[in-house]
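Here is the structure we will look at.
Protein chains in written order, with the working numbering: chain A, 43 to 154; chain B, 10 to 124.
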């Protein structure tokens, strides 16, 4: 039981490049989330998926797109990376409305 | 206005002593949940404890307890018998009713445990 997995762990992009961050969970959770963590800012929600087939914007969605591929997988895409997107990205999942969220190990992204 | 406020500067505690990490929150909902997460230097986010707004008892999980004062809108984390491994960043978070399980996080508090 791996919990929440994320790939890659580290990535360096040049401004304007695109990439997709992958997230998968094996806990049969309905809800999945993408957060970014910047120094001094705590975690901020980018997008979330309350259930398979639905996605909604969070606090900081600009510059990102998401896909809930199936119940297990939730990907985050940067179409044209910008230095302001340099951050640590966390994927999380939860079971139902009030379950605690379980986090993946994070992806450290640097955009030069 | 910030929904979760963690204003303490870096906190220090002696090993084996207790420490309280402060968290205040702002919501107009009657139904909400409060969470604490630990982030060690390795970077992962570890769930510690949960308190529901209707829970009458303060939540406890091993050495962690949550001092929930609803009228003051505070949800302080108390760590008893601190250990060196407790050195980490600690985040308070809130989920409001009908928010589709979205968590709003505070900016975190750094705790250092001295031997």
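Beta carbons: idealized from backbone N, C-alpha and C, even for Gly.
Listed as beta-bridge partners of residue 23 of chain B by DSSP are B:123. Between residue 119 of chain A and residue 60 of chain A, the C-beta spacing is below 9 angstroms.
According to DSSP, residue pairing for residue 124 of chain A in a beta bridge does not occur.
For residue 66 of chain A, the nearest beta carbon of chain B is not closer than 9 angstroms to its own beta carbon. In the three-state reduction of the DSSP assignment, residue 87 of chain A falls in the strand class. Residue 62 of chain A counts as exposed, since fewer than 16 other C-beta atoms from the protein chains shown sit within 10 angstroms of its C-beta. Only 100 from the region 69 to 100 of chain B bring a Cβ to less than 9 angstroms from some Cβ of chain A. The C-beta distance from residue 67 of chain A to residue 135 of chain A rounds to 4 angstroms, short enough to fall under 8 angstroms. In the DSSP assignment, residue 57 of chain A falls outside any beta strand (DSSP E) and carries neither an H nor an E.
Taking the C-beta atoms as reference points, residue 93 of chain B is found no nearer than 9 angstroms to residue 84 of chain B. For residue 135 of chain A, the enclosing beta strand (DSSP E) begins and ends at 129 to 136.
Put simply, the region 108 to 124 of chain B touches the region 72 to 86 of chain A. At least three CB pairs are less than 8 angstroms apart. Take the alpha-carbon of residue 26 of chain B and the one of residue 88 of chain B: they are about 9 angstroms apart. Annotation: Cβ neighbours of residue 147 of chain A in chain B (cutoff 8 angstroms, chain order): 52 and 53. DSSP lists A:52 and A:130 as the beta-bridge partner residues of residue 150 of chain A. Per the coordinates, the alpha-carbon of residue 106 of chain B lies some 15 angstroms from the alpha-carbon of residue 143 of chain A. Taking a Cβ-Cβ threshold of 8 angstroms, the residues of chain A close to residue 115 of chain B are 84, in chain order.
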